[in-house]
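Colleague: Here's a structure for you.
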Amino acid sequence: MTHDAHVHDLGFSHDLPRLIGRRRMLGILGALGLAGAAGPAAALDCVALPWETAGPYPADGSNARSGQVVNALTEAGVVREDIRGSFNGRNGVAEGVDLTLELSLVDAAGCGPLAGHAIYVWHCDAEGRYSLYDLAEENFLRGVGIADGSGAVRFRTIVPGCYDGRWPHIHFEVFRSAEAAVSGEASVLTAQMALPKDVSAAVYAGDVRYEDGTRNLGRISIARDNVFGDNSAAEIAQQTLVMRGSVAEGFAGTLTIPVDFTAERRVMAPPPGGPKPQRAGD
Numbered sequence: 001m002t003h004d005a006h007v008h009d010l011g012f013s014h015d016l017p018r019l020i021g022r023r024r025m026l027g028i029l030g031a032l033g034l035a036g037a038a039g040p041a042a043a044l045d046c047v048a049l050p051w052e053t054a055g056p057y058p059a060d061g062s063n064a065r066s067g068q069v070v071n072a073l074t075e076a077g078v079v080r081e082d083i084r085g086s087f088n089g090r091n092g093v094a095e096g097v098d099l100t101l102e103l104s105l106v107d108a109a110g111c112g113p114l115a116g117h118a119i120y121v122w123h124c125d126a127e128g129r130y131s132l133y134d135l136a137e138e139n140f141l142r143g144v145g146i147a148d149g150s151g152a153v154r155f156r157t158i159v160p161g162c163y164d165g166r167w168p169h170i171h172f173e174v175f176r177s178a179e180a181a182v183s184g185e186a187s188v189l190t191a192q193m194a195l196p197k198d199v200s201a202a203v204y205a206g207d208v209r210y211e212d213g214t215r216n217l218g219r220i221s222i223a224r225d226n227v228f229g230d231n232s233a234a235e236i237a238q239q240t241l242v243m244r245g246s247v248a249e250g251f252a253g254t255l256t257i258p259v260d261f262t263a264e265r266r267v268m269a270p271p272p273g274g275p276k277p278q279r280a281g282d
């Protein structure tokens with residue numbers, strides 16, 4: 001496929017008026033596995049998420065494919081809750097087990113909500129392919145959400161596949177505002193969320209659309225992953241989705257994302273390693 005991403009006159013800013021102010025609720029204690037804690041006095045850990053590589057397939061304007069800059073953030077319709085389908089003139093739909101992401105953006109200093117901040121998420125499809133790169137004619141499994149007054153953001157997507165050399169994961173970038181994302185300002189956090197092993201294994205074994213998932217998951221552990229492997233146990237716990245549901249009915253995944261605004265911003269290239277070097281670190 002040779003269709004490259006295009007820059008459009010209408011883009012991210014076109015979508016903002018209908019998104020800003022939308023309020024969604026998120027159980028922060030549930031996201032951290034603290035639902036049984038004794039009342040509000042039980043403090044959230046709020047472990048700041050570590051900076052991670054954006055990998056080679058971010059489509060955020062930072063790299064190119066076939067000589068053309070790839071930037072999904074400039075495309076009309078990128079602000080959306082349901083990211084399973086392609087948008088802005090593309091028609092493909094990513095198939096897989098449904099996943100509802102319930103995210104909470106907070107300041108690592110005190111766990112206060114980051115209302116109005118934007119988060120851009122992207123991940124591979126059930127077969128481990130990335131839109132706008134492996135699938136150049138599609139832009140599904142990419143989208144931007146705006147945090148409501150409680151810091152909550154919601155996406156509808158699918159459980160990502162597991163390709164050789166990487167633990168199952170979802171990429172994201174957090175921006176100070178929607179305007180910051182569309183104007184090309186630097187993110188305040190670029191990181192990845194991990195999927196739990198038990199859910200991943202159940203999905204890959206129970207759905208034929210994840211053809212190589214079981215084999216690839218069996219070859220990797222989160223401790224040996226070239227992105228998550230050098231994080232502390234507390235950091236890995238903080239960045240791992242808490243998931244509930246079933247393969248037949250789909251899953252909900254919750255995660256609190258603490259942003260450390262005092263941390264040094266790191267621009268990280270994909271690290272070497274893994275059976276497929278061209279895919280390592282993505």
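Just so you know, we're using full-length UniProt numbering here: the sequence shown kicks off at 1 and counts up by one. Every residue gets a Cβ at the ideal spot worked out from N, C-alpha and C, and that includes glycine.
Which ranges does the beta strand (DSSP E) cover as unbroken runs of at least 3 residues, wholly within the segment 151 to 239, from first to last along the chain?
Modeller: List check, beta strand (DSSP E) in window: 152 to 158, 169 to 175, 189 to 194.
Colleague: Using the three-state DSSP reduction, which class does A252 fall into: helix, strand or coil?
Modeller: For this step, residue 252 is matched to residue 252 along the sequence shown. Looking at A252 - three-state DSSP - the assignment turns out to be strand.
Colleague: Expressed to the nearest angstrom, what Euclidean distance is found between the alpha-carbon atoms of A109 and R244?
Modeller: If you number the sequence shown from 1, residue 109 lands on position 109. If you number the sequence shown from 1, residue 244 lands on position 244. Straight-line Cα distance between these residues: approximately 28 Å.
Colleague: Within 9 Å (strictly less), CB to CB, does S183 reach chain D?
Modeller: In the structure shown, chain D cannot be found, because there is only a single protein chain.
Colleague: Have a look at Y133 and A118 and give me their C-alpha separation to the nearest angstrom.
Modeller: Taking the first residue of the sequence shown as position 1, residue 133 is located at position 133. Taking the first residue of the sequence shown as position 1, residue 118 is located at position 118. Cα to Cα, Y133 sits roughly 23 Å from A118.
Colleague: Does DSSP put T100 in a helix, a strand or coil?
Modeller: For the purposes of this step, residue 100 is taken as residue 100 along the sequence shown, with counting starting at 1. Strand, per DSSP.
Colleague: By how many angstroms is the C-alpha of E52 removed from the C-alpha of V227?
Modeller: The residue labelled residue 227 in the question sits at position 227 within the sequence shown. The residue labelled residue 52 in the question sits at position 52 within the sequence shown. One C-alpha to the other measures close to 7 Å.
Colleague: Can you check which of these residues, G145, A248, C124, I220, is closest to E81 by C-alpha distance?
Modeller: Position 81 of the sequence shown holds residue 81. Ranking G145, A248, C124, I220 by Cα distance to E81 puts G145 first.
Colleague: Quick one: grab the DSSP three-state call for L135.
Modeller: Taking the first residue of the sequence shown as 1, we reach residue 135 at position 135. Strand.
Colleague: What did DSSP end up calling L105 once you bin it into helix, strand or coil?
Modeller: By one-based count along the sequence shown, residue 105 stands at place 105. If DSSP states are grouped into helix, strand and coil, L105 belongs with the strands.
Colleague: Under DSSP, the beta strand (DSSP E) around S86 begins and ends at which residues?
Modeller: Numbered from 1 along the sequence shown, position 86 holds the residue referred to as residue 86. Element bounds for S86: n/a, residue is neither H nor E.
Colleague: Tell me which same chain residues have a C-beta within less than 6 Å of the C-beta of S86, skipping the five on either side of it?
Modeller: Along the sequence shown, one-based indexing puts residue 86 at 86. Hits under 6 Å: G92, E138, N139, F140.
Colleague: Should the segment 256 to 267 be called in touch with the segment 213 to 233, which here means at least 3 C-beta pairs below 8 Å?
Modeller: Fewer than three pairs of CB atoms, one per stretch, sit closer than 8 Å, so the segment 256 to 267 makes no contact with the segment 213 to 233.
Colleague: In whole angstroms, what separates the C-alpha of E127 from that of A205?
Modeller: Taking the sequence shown and counting its residues from 1, the one referred to as residue 127 is at position 127. Taking the sequence shown and counting its residues from 1, the one referred to as residue 205 is at position 205. So the two alpha carbons sit approximately 13 Å from each other.
Colleague: If you reduce the DSSP assignment to three classes, tell me which class A64 lands in.
Modeller: Counting from one through the sequence shown, the residue named residue 64 turns up at place 64. The answer is strand: DSSP assigns A64 an E or B state.
Colleague: Under the rule that 16 or more other beta-carbon atoms within 10 Å means buried, what is V208, buried or exposed?
Modeller: Taking the first residue of the sequence shown as position 1, residue 208 is located at position 208. It is exposed - the Cβ of V208 has fewer than 16 other Cβ atoms within 10 Å.
Colleague: In this structure, does DSSP put A72 in helix, strand or coil?
Modeller: As a first step, residue 72 is located in the sequence shown; it is residue number 72 there, counting from the start. Note: A72 maps to helix in three-state DSSP.
Colleague: Note the first and the last residue of the continuous beta strand (DSSP E) segment covering residue 287.
Modeller: In this structure the chain extends from 1 to 282, so residue 287 is not present and cannot be described.
Colleague: Give me the Cα-Cα distance between T74 and G184, rounded to the nearest whole angstrom.
Modeller: Along the sequence shown, one-based indexing puts residue 74 at 74. Along the sequence shown, one-based indexing puts residue 184 at 184. Using only the alpha carbons, I get a separation of about 9 Å.
Colleague: Here's the rule: buried if 16 or more other CB atoms are within 10 angstroms of the residue's CB, otherwise exposed. What is A233?
Modeller: Along the sequence shown, read from residue 1 onward, the residue named residue 233 stands at position 233. By the 10 Å Cβ count, A233 comes out exposed.
Colleague: Look up G112 in the DSSP assignment and say whether it is helix, strand or coil.
Modeller: As a first step, residue 112 is located in the sequence shown; it is residue number 112 there, counting from the start. Here G112 sits in coil by DSSP.
Colleague: Which word fits A186, buried or exposed, when buried means at least 16 other C-beta atoms lie within 10 angstroms of its C-beta?
Modeller: Counting from one through the sequence shown, the residue named residue 186 turns up at place 186. Label assigned to A186: exposed.
Colleague: What distance in whole Å lies between the Cβ atoms of S104 and A48, which are believed to be in contact at a cut-off of 8 Å?
Modeller: Here the question's residue 48 lines up with position 48 in the sequence shown. Here the question's residue 104 lines up with position 104 in the sequence shown. Contact doesn't hold; Cβ gap of about 14 Å is too wide.
Colleague: Which residues share a DSSP beta bridge with P258?
Modeller: As a first step, residue 258 must be located in the sequence shown, where it is residue number 258. DSSP lists V106 as partners of P258.
Colleague: Measuring straight from C-alpha to C-alpha, what distance separates residue 360 and Y57?
Modeller: Given a span of 1 to 282 for the chain in the structure shown, any question on residue 360 remains unanswerable.
Colleague: First and last residue of the beta strand (DSSP E) that includes V144?
Modeller: Within the sequence shown, the letter at position 144 stands for residue 144. From DSSP, the beta strand (DSSP E) with V144 extends over 142 to 146.
Colleague: For D164, tell me which candidate among G89, L241, D225, A64 has the shortest Cα-Cα distance.
Modeller: In the sequence shown, the residue the question calls residue 164 occupies position 164. Taking only the C-alpha atoms, the option nearest D164 is D225.
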